[in-house]
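Q: The following block contains the structure, expressed as structure tokens.
Numbering (the working numbering), first residue to last: 13 to 633.
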């Protein structure tokens with residue numbers, strides 16, 4: 013079965029014989045030879061046009077009001093405060109360009125050019141995310157696509173920043189972005205139309221909007237209207253209205269464009285339509301009486317931005333995993349962030365994200381830290397990590413003055429596939445390591461080193477029904493939290509001599525999206541919070557760390573345009589501290605693993621977020 017035939021089984025088939033009526037077309041702005049036109053946002057009386065003689069600001073009848081000289085094609089626009097931002101392709105320079113347009117004053121501003129690309133750019137479109145960051149998508153030949161950050165709020169950046177590459181259909185020319193739904197729509201001329209996630213932290217995947225297997229059909233330009241997408245088929249000279257229902261799209265209606273031989277460009281504002289006939293170069297206008305039911309979109313989550321990030325880890329793919337924060341006992345600003353690289357070992361960073369140490373001891377998955385461990389006659393702080401090469405616990409001593417880590421031994425376990433690890437240190441000072449395996453088994457070890465050699469005594473064993481990973485112990489309340497990836501979060505008594513009775517904290521559902529990954533405690537004199545990596549929707553959930561475990565909300569780590577730091581997504585491990593580490597970390601910090609490193613695209617790393625930003629975003633008490 014050919015690939016295109018397979019798509020027909022999962023997507024809407026557009027029938028060449030679908031019922032269609034004629035759209036009443038009348039010429040608009042005779043004599044205007046425009047490559048593309050676009051309505052300005054929030055305006056019914058202003059149109060911009062790209063031509064071989066310049067970018068033109070036009071009134072509702074097509075009369076010229078202002079011109080930016082040059083040779084341009086393709087077009088899109090977004091509101092920017094009292095102004096508009098216009099994106100186009102400068103054909104002479106072969107570069108994408110963005111220009112502020114003062115609509116009230118009929119004046120074009122200073123252009124921002126994207127760097128020349130190493131592939132021909134066929135088209136572009138703009139996207140503004142929920143945090144008011146402005147992006148431009150470039151649609152290139154042979155399936156090459158890119159996303160660039162070009163603005164923040166109503167301001168264009170001084171220099172555009174490439175965010176990521178996006179693999180697109182090889183014959184794509186047109187794109188549009190539904191900002192509210194964070195959806196990029198792209199054509200594939202001989203196949204149909206596709207939808208991609210537009211958010212830079214989203215997984216790169218596509219879903220079909222409408223596909224066909226008919227050489228008499230062609231997927232052309234698109235325009236958005238509330239509740240749907242209008243798409244142009246140049247070969248049949250028809251417009252098609254598509255609306256999303258759940259995960260699928262359906263065609264609601266179609267209209268013929270009588271008299272047009274090669275309709276190419278399309279613009280829609282409310283019910284007004286402009287379409288260009290490439291054969292004559294003439295623009296036509298019409299009134300579109302279609303109505304579509306707006307589709308509910310996912311609620312917008314609060315966003316925080318990382319202030320620092322670590323250098324990318326030294327291995328590609330799924331490598332970085334879990335962080336821990338070591339607090340310097342005398343100078344908190346000299347504290348360290350530890351991070352596992354499950355293809356290499358343990359990494360040590362300062363609070364600016366600079367790599368200080370690499371301990372290449374094997375595939376370490378999770379790591380945790382506790383102070384004041386007796387290593388023979390010495391008192392050290394201890395880091396313990398799960399070692400997937402040997403299904404063991406790897407131990408590291410931390411010098412309490414310099415922060416330097418050294419290998420301190422290994423504790424073997426009978427686990428077949430060790431995964432997560434966390435430490436528990438009750439008021440008595442003894443230290444326990446709680447490790448888990450992919451089969452759901454948890455093993456609790458008492459760690460000691462009376463002779464200077466660390467040893468582990470198995471003191472408790474229990475099991476959950478499916479794969480766990482993240483866990484964190486509340487030393488003060490002697491409570492252990494653990495995550496079962498597809499189920500939710502449990503709490504139980506952390507003491508080794510107590511039964512392992514599981515109490516549900518929160519289950520996977522509307523607020524928590526599988527996989528349940530990293531768990532951390534933010535413990536301050538005022539309030540204690542449990543923070544959970546909700547990997548399925550790239551968010552972080554904050555709950556009270558005491559029953560009834562009230563949920564305070566979820567947030568995402570978005571990009572920091574000013575600092576040039578991308579957001580975080582696909583997070584495995586995370587860690588928090590409420591200790592005043594100085595400067596921006598006066599209320600503590602949150603460290604999250606970033607599973608998709610963007611801007612630029614590199615190996616995974618860790619992001620540092622001031623906890624004050626979390627407090628602000630969720631309005632925490």
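For each residue, glycine too, the CB sits at the ideal point set by N, CA and C. A quick note: this is a predicted structure, and the numbers were derived from the prediction, not measured.
Take the Cβ of residue 610 as the centre, count every other Cβ of all protein chains shown within 10 Å, and call the residue buried at 16 or more, exposed below.
A: With 16 or more other Cβ atoms within 10 Å, it is buried.
Q: Under the assumption that residue 328 contacts residue 615 (Cβ atoms under 8 angstroms), give the Cβ distance between them as a whole number of angstroms.
A: About 5 angstroms separates the two Cβ atoms, so the contact holds.
Q: Looking at the unbroken beta strand (DSSP E) that takes in residue 222, where does it start and where does it end?
A: Element bounds for residue 222: 219-223.
Q: Taking all protein chains shown into account, do 16 or more other C-beta atoms lie within 10 angstroms of the C-beta of residue 21, making it buried, or fewer, making it exposed?
A: Bear in mind that a pLDDT of 30 at residue 21, under 50, signals an unreliable position, so the model cannot answer this.
Q: Residue 239 and residue 304 look like a contact to me (Cβ under 8 angstroms); what is the Cβ gap, rounded to whole Å?
A: Indeed, because the Cβ distance is near 3 angstroms, the residues count as touching under 8 angstroms.
Q: Would you report the Cα separation of residue 537 and residue 211, rounded to the nearest angstrom?
A: Each residue's Cα considered, the two are about 37 angstroms apart.
Q: Which parts of the stretch 173-218 are runs of the beta strand (DSSP E), unbroken and 3 residues or longer, counting only runs that do not cross its ends?
A: Here the runs fully enclosed are 187-190, 195-200, 204-209.
Q: Hey, could you find the ends of the alpha helix (DSSP H) residue 332 is sitting in?
A: That residue, residue 332, is in no alpha helix (DSSP H); its beta strand (DSSP E) goes 332-338.
Q: Look up residue 261 in the DSSP assignment and say whether it is helix, strand or coil.
A: Strand at residue 261.
Q: Checking the sheet assignment: what are the DSSP bridge partners for residue 601?
A: Per DSSP, 589, 622.
Q: Might you give, ordered along the chain, the residues of its own chain that have their beta carbon closer than 6 angstroms to the beta carbon of residue 25, omitting 5 neighbours on each side?
A: Confidence at residue 25 is low in this model, with a pLDDT of 36, below 50, so its placement is unreliable and the value that follows should be read with caution. Closer than 6 angstroms at Cβ, skipping near neighbours: no residue.
Q: Leaving out five residues on either side along the sequence, give the residues of the same chain with a beta carbon under 8 angstroms from the beta carbon of residue 15.
A: Caution is warranted here: a pLDDT of 36 is assigned to residue 15, below 50, making its placement in the model unreliable, and no coordinate value can be reported.
Q: Assign residue 425 to one of two classes, buried (16 or more other C-beta atoms within 10 Å of its C-beta) or exposed (fewer than that).
A: Residue 425 is buried by the Cβ-count criterion.
Q: What residue from 246, 164, 319, 183 has the CA that sits closest to residue 289's CA?
A: Considering only alpha carbons, the answer is 246.
Q: Would residue 452 and residue 478 be called neighbours here (beta carbons separated by less than 8 angstroms)?
A: Yes, the pair counts as a contact, with Cβ atoms nearer than the cut-off.
Q: Taking 8 angstroms as the cut-off, does the stretch 80-99 touch the stretch 125-140 (at least 3 CB pairs, one atom from each stretch)?
A: At 8 angstroms Cβ cutoff, the stretches touch.
Q: Does the pairing of the stretch 365-376 with the stretch 385-396 give three or more beta-carbon distances under 8 angstroms?
A: The answer is no - the stretch 385-396 does not touch the stretch 365-376, with fewer than three Cβ pairs under 8 angstroms.
Q: Using the C-alpha atoms, what's the distance from residue 375 back to residue 402?
A: Their backbone Cα atoms lie some 9 angstroms apart in a straight line.
Q: Compare the Cα-Cα distances from residue 37 to each of 249, 67, 256, 56 and report the closest residue.
A: Per the Cα distances, 249.
Q: How many angstroms separate the CA atom of residue 593 from the CA atom of residue 412?
A: One C-alpha to the other measures close to 16 angstroms.
Q: With distances taken Cα to Cα, identify the nearest neighbour of residue 475 among 67, 496, 54, 545.
A: Residue 496 is the option with its Cα nearest to residue 475.
Q: I'd like the span of the beta strand (DSSP E) that includes residue 160, first residue to last.
A: That run of the beta strand (DSSP E) goes 157-164.
Q: With DSSP collapsed to three states, give me the class of residue 272.
A: Coil at residue 272, not helix or strand.
Q: Would you say the stretch 150-170 touches the stretch 179-195, given that touching needs at least three Cβ pairs under 8 angstroms?
A: Short answer: they touch.
Q: Tell me the DSSP bridge mates of residue 241?
A: For residue 241, which the question treats as bridged, DSSP gives the partners 236, 254.
Q: Could you pull out every residue in the same chain whose Cβ sits closer than 7 angstroms to the Cβ of residue 40, ignoring the five residues on either side in sequence?
A: Answer for residue 40: 74, 286, 295, 296, 297, listed in chain order.
Q: How about the stretch 122-134 and the stretch 198-208: do they share at least three Cβ pairs that are nearer than 8 angstroms?
A: Short answer: they don't touch.
Q: Helix, strand or coil for residue 668, going by three-state DSSP, please let me know.
A: This structure does not reach residue 668, given that the chain is present from 13 up to 633, and the question cannot be answered.
Q: Do the stretch 585-603 and the stretch 230-239 meet, that is, are 3 or more Cβ pairs less than 8 angstroms apart?
A: Because the criterion of three Cβ pairs below 8 angstroms is not met, the stretch 585-603 and the stretch 230-239 do not touch.
Q: With contact counted as at least three CB pairs below 8 angstroms, one residue from each stretch, are the stretch 436-449 and the stretch 377-387 in contact?
A: Verdict: yes, contact present.
Q: Taking 8 angstroms as the threshold, find out whether the stretch 526-535 comes into contact with the stretch 505-514 through three or more Cβ pairs.
A: As far as the Cβ criterion goes, the stretch 526-535 does not touch the stretch 505-514, which means the pair count is below three.
Q: What's the C-alpha gap between residue 193 and residue 562?
A: One C-alpha to the other measures close to 29 angstroms.
Q: Taking the C-alpha atoms as reference points, what is the distance between residue 29 and residue 307?
A: Low confidence applies to residue 29: its pLDDT is 37, below 50, so where it sits in the model is not reliable, and the reading given next is rough at best. Their Cα atoms are separated by approximately 27 angstroms.
Q: Verify whether the separation of the beta carbon atoms of residue 353 and residue 325 is less than 8 angstroms.
A: Yes, the pair counts as a contact, with Cβ atoms nearer than the cut-off.
Q: Going by CA-CA distance only, name the one from 167, 350, 187 that's closest to residue 603.
A: Here the closest residue by C-alpha is 350.
Q: Residue 7 by DSSP, collapsed to three states: which one?
A: Since the first residue shown for the chain is 13 and the last is 633, residue 7 is missing from the structure and cannot be characterised.
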